[in-house]
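Let me begin by presenting the structure, written as structure tokens, before commenting on it.
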Amino acid sequence: MKAVAVTGVHFTYDDGTEALSGIDFQVEEGEFVAVLGSNGSGKTTLIALLVGLIKAKSGRIEIGGREIGSLTAEELYQRVGLVFQNPNDQLFAATVEEDVAFGPRNLNLPEEEVQLRVRSALTAVAALPLRGRAIHHLSFGEQKRVSLAGVLAMRPAVLILDEPTAGLDPAGEAQMMQLLKKLNREEGMTVILATHSVDMLPLFANRIYVLDRGRVLQQGPSEEIFCHQEMIDRAKLRLPYVSRLMYEMKRHDGVPIDGLPLTIGEARAQLLELIPKEMILPGIEEIGP
Amino acid sequence: MFDLFSDIFTYRDNALTRIDPRAKVVIALAALIALLTAERVILPLFVFGICLGTVAALRIPAKLVAVRLAAPLSIVAVLVVIQTFFTGTTPLFTITLAGWPLTAKAEGLRQGVFLGGRVLGSVSVVFLLGVVTPAHRIFQALRWFRISRNWLEIAILMYRYIFVLMDRVADLAAAQRLRLGYTARGRAMKSFTALAGSTIIHSLEQAKRTHDAMRLRGYRGTMPFGPLPELGRRDRMITALCLIGILSARLLEWGITG
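Line order of the protein sequences matches chains L and S.
Each residue of the first sequence is one higher than the one before, counting from 1 in the working numbering.
Each residue of the second sequence is one higher than the one before, counting from 1001 in the working numbering.
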């Protein structure tokens, strides 16, 4: 069953800017899908449509098999949750606990259930020790995780994230992506990620949609997407750094690389095949500290 | 500048931070009523002394105390001057200001000191409450007093976004300063006006985004609040003892005045 189905959606802002021009976008239940695009490509508009913050001028949007307009706010926000790019937009209560409990309390759940959801959401994002802390005393990375917990406490079937790694340091970025992978693989949550950061996507995303000026340029698994260098350039994006290195070695130095590795693991395997065995020191890891 | 809003001391563990905020709010309200109904300056100054002594014992930096008390102290100074020179009949001394003779009067000075004492006493009570209770716990306590949920909701959002906006203002002001925006009076005025305008616009945009985020988590016009725990025996005892103390002080003062 489709978790999200968008068909022929157009959206134009009041100032005449056409943000989306006949978008088709489908996500299966349990998928991890990335929406990739440069600034102004229409990612944020698409997200705002999916959560009902704005209404499409034409076309059809279905969430969990039901047309978005036929869902009440309560139904919609238990099916789809949005994590904003800037956690300050989303964390409005004074403490972590009150903020995470905000959604469940709005669902009029019994207080025991609210507390259960708060605990489980904070545990899922490794933020349980922050429970009693004031929001303005949290670091940016902690704020990001708490804002995710606030959405998880609503138990949505589809989790949408707008640039979840923006502003995070490399460790925070990896932690956030691992967290999303866990939610997707272990909890079966459908994840839709809007981003222009390409390096980690091949590791996590099942499929990628590339948006440019309100249109879908291409969609498919990462190996299909990143082999179209021209399309990537047209979308004002780039290859993952490791792929770029291999691409340059293949193109300019004639290194016989098969396909285009997208991850460090794939690149390492290919390079090991090319390096003569006698040049490789056995047990090199044992030499280091 | 931002020390003014710092709440890090409220998260320290001490005898006062451990008291239930409802008890502290009741005690603070009783103290404020006693101060507002005081008939002599001695009770307000006594309360002021106790509060400042407690703040010192809690090792709150003197700079923070000075910053927070600066505004009320200025009000007190203006109050004393106005009362001294414009009320009463018994002359104390005369000064000439820009050719105008101004005569200080004994009754005015007494009245000014009395009103100033009330202001200082009241402000020090609120200040002490503020350094031993985090704002969100005061809001929780206010819910117990059946304060309108809408008012509390606005207060909570204001409290939360003060810090966000302050960060924003600090960044903008630094950016202006780095481009010599405050090097001359006229330029400083222009920069400050731009800063104020930008902050207003930013706060409106922030309000829109926050409202969107609230809607996405089921907000329908009223912020939900969790249940409040029962007031403990120890806290009830502390409240009772403090109320007796305040009442006794007030009655004692009444006896002296009477």
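All residues carry an ideal CB built from backbone N, CA and C; glycine is no exception.
- Secondary-structure assignment with DSSP links residue 26(L) through a beta bridge to 5(L).
- Scanning chain S for C-beta atoms nearer than 9 Å to the C-beta of residue 252(L) yields nothing, as the closest lies near 42 Å away.
- For residue 1157(S), there is no enclosing beta strand (DSSP E); the residue is found in the alpha helix (DSSP H) stretching over 1149-1178.
- In the structure shown, residue 59(L) falls within a strand segment according to DSSP collapsed to helix, strand and coil.
- Less than 8 Å divides the Cβ of residue 60(L) from the Cβ of residue 8(L).
- Contact check for residue 83(L) against residue 148(L) passes: the beta carbons are separated by less than 8 Å.
- When C-beta atoms of the stretch 1223-1240 of chain S are compared with those of the stretch 1014-1031 of chain S, three or more pairs fall below 8 Å, so the two segments count as touching.
- Contact of residue 88(L) with chain S by beta-carbon distance below 7 Å involves 1164.
- In this structure, residue 97(L) and residue 150(L) do not form a Cβ contact; the two beta carbons are roughly 11 Å apart against a cut-off of 8 Å.
- For residue 1093(S), no alpha helix (DSSP H) segment is defined; the enclosing uninterrupted segment is the beta strand (DSSP E) at 1091-1097.
- DSSP places residue 188(L) outside any beta strand (DSSP E), giving it a letter other than H or E.
- Residue 105(L) reaches chain S at 1218, 1223, 1224, 1225 and 1226, counting residues in chain order whose Cβ is nearer than 9 Å.
- Of all residues in the stretch 40-54 of chain L, only 48, 51, 52 and 53 come within less than 9 Å of chain S when Cβ atoms are compared, listed by chain position.
- The Cβ of residue 1159(S) sits closer than 8 Å to at least one Cβ of chain L.
- Counting only residues of its own chain and dropping the five nearest sequence neighbours on each side, residue 1079(S) has a CB closer than 8 Å to the CB of 1112, 1115, 1116 and 1119.
- Residue 233(L): not part of any beta strand (DSSP E); member of the alpha helix (DSSP H) spanning 229-234, first to last residue.
- For residue 1213(S), the nearest beta carbon of chain L is closer than 8 Å to its own beta carbon.
- Residues of chain L whose Cβ lies closer than 9 Å to the Cβ of residue 1156(S) are, in chain order, 92, 93, 94 and 98.
- At the C-beta level, residue 190(L) and residue 176(L) stay beyond 8 Å of one another.
- The residue from 1140(S), 1090(S), 1016(S) and 1006(S) with its alpha-carbon nearest to that of residue 1063(S) is 1006(S).
- In summary, the residues of the stretch 149-166 of chain L whose CB is separated from some CB of chain S by less than 8 Å are 150, 151 and 154, in the order they occur in the chain.
- In this structure, DSSP gives residue 202(L) a helical state, which the three-state scheme calls helix.
- Close partners of residue 1139(S) in chain L (Cβ separation under 8 Å): 94.
- For residue 35(L), the enclosing beta strand (DSSP E) covers residues 32-37.
- A direct Cα-Cα distance of roughly 55 Å separates residue 1186(S) from residue 1238(S).
- Separation of residue 154(L) and residue 103(L) (C-alpha to C-alpha, rounded to the nearest whole angstrom) is 6 Å.
- Among the residues of the stretch 1119-1145 of chain S, those with a Cβ less than 8 Å away from any Cβ of chain L are 1134, 1135, 1136 and 1139, in the order of the chain.
- Taking 8 Å as the CB threshold, residue 1199(S) stays off the interface with chain L.
- In the pairwise beta carbon analysis, the stretch 210-230 of chain L is classified as touching the stretch 255-271 of chain L: at least three pairs are separated by under 8 Å.
- Cβ contact annotation for residue 161(L) (same chain, cutoff 6 Å, sequence separation greater than five): 83 and 193, in chain order.
- Counting only residues of its own chain and dropping the five nearest sequence neighbours on each side, residue 181(L) has a CB closer than 6 Å to the CB of 204.
- The stretch 1194-1204 of chain S makes contact with the stretch 1168-1176 of chain S: 3 or more CB pairs, one atom from each, lie closer than 8 Å.
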